[in-house]
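First the structure, in the form of structure tokens, and then the observations on it.
In the working numbering, the protein residues as written are -19 to 682.
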């Protein structure tokens, strides 16, 4: 301030104003930068969990980490959309649980020490995750050698994927153990008394044979029941919790499917006819099929009965090189060329010795092993079955001397099946499959019959670009002429279109019947009620799979308690139901003679056997747990008061009771404790999660 005063004194008010403006610009600049930073932060906010903000980059980094772990485990280099979505959801659940439980763990002193972690990895009883990852496929037990080898390797390669993979595993073990400790603490606070176990046994064992009189609520005319707005509002206030709703949107839409036209099909027929001559002369029909067909060459052999009558008649009356077609099969046009004839058995009896191969370096060793076993049998005269029992790594067949019994076509993987069905009896063949190397011997062949191999060019009739454009034009014209809800519905009726409806939540991934419909769901949450839904490009046309969709948003519900107006029709039904039930209760009260009561009500007496507390469905009535509840509360020859059920009012009489035979109170205590622990763990976490006030904004980004 002193400096500013000196400047004023020396240079006058003009310079002071200039300096003041510069300072203001400096301060405002910082303010704008700060505001801009806050705005960007808000824009990237994906969720808030218990006051902790999760940004989209932070979340995506976790997703990417888990994707890399999955690729390493599966050996895949890329992931499909379904797997990516599954990983994204798993990441979300993990982050929500960890943030929800973080403070709880600190308050309770729950943690995992380094020595405890070491014990869970290399101790006497390793964690289930460790046992699963490093399980020996042959013995089913933990391969400690492989575990130690991996640990040494990842330590010496601290920047590699193996290190990241191991840190992820450790983190999963720590999180699981912490959550397990929390659940164990909850379990210590739950106790089932002997009286509880006895009471539960009595209720479950209690089997009652009953008679009952039922009077349906629908038998009471609506005209006899009057309800006022005051009664409806009173019901609403008492039962508000029953009208909780999620954040959702109601949409209506019409589909304009892109369907191949007659012109498209005519062009395909011409193409098939044009290529027929070339197909007849090619030296390698299989390669020709793979280049020109929508379906790759199938080397399978077929009996006559395996083919359609027309194709079968052609194939078994013709010679190699003959062509049948073009002919239509479903949505395809095809050409079939006779490739080869063989006399093949329907089944073969075979045995094998398997040496497993899990990596390329193991292949050379397995090849040498198979050759030595083959030499033992052919040169040194050892019996195949004896070698199989001691050397085969297929434990299922080794005990039977390697025997696989009789096999029909389609029962084995293709390389193995081809060798078995084309091989000679007693010949020793070395076959490579995804399981490893097999020393195969066919011991018997079933009855043979003629089989044919066909080279088939299969072209599916698909819509052309012109057809796509014509369909898009139709959808675009409909959308441009029917922007509001009334015009939208009127046009559907006038044009005879099929309108569909959907209720969608903000994080739904798809709409049944629509491919890749996430874009439409996200767009619906930015639309206004009564208007067409627009994509991020501002167009009302959504291309979902092989159809164009035009949709409108017809209603929206925010998360919370539904308004009285929106649920009023449902409340009217409930209040009328109560009043009807009360009328029937008055007619049925004080009556213990069921035959007389049935006569008065002009209904018949029903019967049911062996009703327990868990009997939800009653013969002749359907879903009516109220009857089961009444039956299990009565002793023999007792009659209930009128019981209000789902669809009627009932009077129940127990004619006899079977007390049951299960009297093991100790075992039942254990069952109840296990059940209570499971429910408590689940409900406790849900309560904590609800208290964490999770704000989910994932729909902004995915």
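Just so you know, even glycine gets a beta-carbon here, dropped at the ideal spot from N, CA and C.
Query, Result
"Nearest CA to the CA of residue 151: which residue from 94, 135, 391 and 117?", "94"
"Please tell me whether residue 389 and residue 381 are closer than 8 Å, where the distance is taken between their beta carbons.", "no"
"Pull up the CB-CB distance for residue 231 and residue 148, whole angstroms please, since I reckon it's below 8 Å.", "The Cβ separation is near 40 Å, so there is no contact."
"Any idea if residue 3 is buried or exposed, counting beta-carbon neighbours within 10 angstroms, 16 or more meaning buried?", "Annotation note: pLDDT 35 at residue 3 (below 50); position unreliable, no value reported."
"Could you give the C-beta distance for residue 296 and residue 314, rounded to a whole number, given that I count them as a contact under 8 Å?", "Wrong, their Cβ atoms sit about 18 Å apart, outside the cutoff."
"Leaving aside the five residues before and after residue 358 along the sequence, list all residues of the same chain whose C-beta is less than 7 Å from its C-beta, in chain order.", "408"
"Reducing DSSP to helix, strand and coil, say where residue 662 ends up.", "helix"
"What residue does the alpha helix (DSSP H) around residue 141 start on, and which one ends it?", "141 to 168"
"At what residues does the beta strand (DSSP E) containing residue 65 begin and finish?", "Careful: residue 65 lies outside any beta strand (DSSP E), inside the alpha helix (DSSP H) at 61 to 88."
"Would you kindly report the start and end of the unbroken beta strand (DSSP E) that includes residue 110?", "Note, residue 110: premise wrong, no beta strand (DSSP E); alpha helix (DSSP H) at 108 to 113."
"Taking 8 Å as the limit between beta carbons, can you name the residues of its chain near residue 109, skipping five residues before and five after?", "149, 152, 153 and 156"
"Cα-Cα, which of 568, 591, 453 and 600 is closest to residue 613?", "591"
"Using 10 angstroms around the beta-carbon of residue 476, count the other beta-carbons present and answer buried if the total reaches 16, otherwise exposed.", "exposed"
"Does the contact criterion of 3 or more C-beta pairs under 8 Å hold for the stretch 638 to 651 versus the stretch 616 to 627?", "no"
"Express the C-alpha separation of residue 523 and residue 324 in angstroms, rounding to a whole number.", "49 Å"
"For the beta strand (DSSP E) containing residue 412, name the first residue and the last one.", "408 to 413"
"Would you identify the three-state DSSP class for residue 347, choosing helix, strand or coil?", "helix"
"What's the C-alpha gap between residue 397 and residue 346?", "21 Å"
"Does the contact criterion of 3 or more C-beta pairs under 8 Å hold for the stretch 249 to 263 versus the stretch 456 to 468?", "no"
"Could you tell me the alpha carbon to alpha carbon distance between residue 449 and residue 531, rounded to whole angstroms?", "19 Å"
"Using the three-state DSSP reduction, which class does residue 122 fall into: helix, strand or coil?", "strand"
"Just verifying my parser: in three-state terms, what is the DSSP assignment at residue 293?", "helix"
"By Cβ distance below 7 Å, which residues in the same chain neighbour residue 80 in space, the five residues on each side in sequence not counted?", "29, 30, 668, 669 and 672"
"Does the beta-carbon of residue 216 have 16 or more other beta-carbons within 10 angstroms, so that it is buried, or is it exposed?", "buried"
"Can you list, in chain order, the residues of its chain with a C-beta nearer than 7 Å to that of residue 223? Leave out the 5 residues immediately preceding and following it.", "541, 542 and 547"
"Could you check where the beta strand (DSSP E) with residue 535 kicks off and where it finishes?", "527 to 537"
"Going by DSSP, what residue range makes up the alpha helix (DSSP H) through residue 562?", "544 to 568"
"At what residue ranges does the stretch 242 to 311 contain a whole run of the alpha helix (DSSP H), taking only runs of 4 or more?", "242 to 261, 265 to 272 and 289 to 295"
"DSSP three-state label for residue 318, please.", "strand"
"How big is the Cα-Cα spacing for residue 624 and residue 606?", "7 Å"
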